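As structure tokens, the structure follows; a few thoughts come after it.
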Ligand SMILES: N[C@@H](CCC(=O)N[C@@H](CS)C(=O)NCC(=O)O)C(=O)O
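Residue numbers (the working numbering): 163 to 400.
Now the structure itself:
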């Protein structure tokens, strides 16, 4: 039995965390049945979500989860890829997970336009954890410090918001260029990298923050069509 520990959906997204969406999408792509349950970073093996419990094996990190499941369930979505395609997938993964992610973090948790959307969500989450109404605003501000600290140490958090948007737009342009006319990121077949590309692009595309990054993605027809294609075929459901 496989349990995926997640955050929570919002605004039509399967999960507000692109890493959770990536893992859940890959499991769907691989045809592996799983149950999704709310996770707790304090109980996660690496202090982060997602993590899994697979017949008693507890494992954190979306990429390690995918590697584990690939072996355990004998599914290889990347069969026959060239070394160059694998390298391209690795580059795209790093660009989205280690760079775009932190820019999106700043635009969600730091930029007032993002925080206006995030704060009610975090307050509601605090409510589900039993925090009384009058304290939820304070608790949300406290929780906000965590992601902002992470973004500060990574570096994105030290830039002005327009600079962060500029970088995130450049990444969106790069993904669009690399996708080109392909149906999926590396061609006509969905591969592991599509779980990452779709999760990160679609999360920024859908999360309702009024900034230039969303507008930039919306202006790339190939990205919009790709997101719709992935959603229809592999979008995980709660
Ligand atoms: N490399 C990890 C990153 C996971 C990650 O950053 N998760 C965030 C949510 S998007 C998290 O759990 N943050 C909680 C925290 O840092 O306390 C993966 O691929 O799963």
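Backbone N, C-alpha and C define an ideal beta-carbon position, used for all residues, glycine too. For clarity, every value in this text was computed on a predicted model and none was experimentally measured.
Identity of the residue in the options nearest residue i by Cα
i: residue 393; options: 190, 314 and 280; result: 190
i: residue 343; options: 314, 310, 385 and 376; result: 385
i: residue 382; options: 391, 355 and 337; result: 337
i: residue 398; options: 164, 183, 178 and 167; result: 183
i: residue 275; options: 369, 354 and 380; result: 369
i: residue 181; options: 391, 365, 289 and 373; result: 365
i: residue 313; options: 178, 241, 170 and 268; result: 268
i: residue 219; options: 242, 165 and 349; result: 165
i: residue 179; options: 349, 390, 224 and 273; result: 224
i: residue 328; options: 249, 205 and 373; result: 373
i: residue 390; options: 237, 315 and 363; result: 363
i: residue 340; options: 251, 378 and 282; result: 251
i: residue 347; options: 215, 277 and 255; result: 255
Secondary structure of residue i, DSSP reduced to three states
i: residue 212; result: coil
i: residue 172; result: strand
i: residue 297; result: helix
i: residue 199; result: strand
i: residue 221; result: strand
i: residue 164; result: strand
i: residue 207; result: coil
i: residue 322; result: coil
i: residue 268; result: helix
i: residue 333; result: helix
i: residue 183; result: helix
i: residue 356; result: helix
Distance between residue j and residue i (C-alpha atoms, nearest Å)
i: residue 195; j: residue 375; result: 34 Å
i: residue 235; j: residue 333; result: 33 Å
i: residue 280; j: residue 345; result: 32 Å
i: residue 172; j: residue 395; result: 20 Å
i: residue 289; j: residue 167; result: 20 Å
i: residue 318; j: residue 232; result: 33 Å
i: residue 261; j: residue 310; result: 15 Å
i: residue 264; j: residue 321; result: 11 Å
i: residue 170; j: residue 291; result: 13 Å
i: residue 307; j: residue 271; result: 9 Å
i: residue 241; j: residue 294; result: 52 Å
i: residue 302; j: residue 284; result: 6 Å
i: residue 367; j: residue 354; result: 20 Å
Any non-hydrogen atom of ligand 2 closer than 7 Å to residue i Cβ
i: residue 261; result: This structure lacks ligand 2; its bound ligands are ligand 1.
Per DSSP, the bridge partner or partners of residue i
i: residue 346; result: 349
Under 5 Å, CB to nearest heavy atom of ligand 1: contacting residues
That query returns the following residues: 179, 181, 203, 210, 211, 223 and 224.
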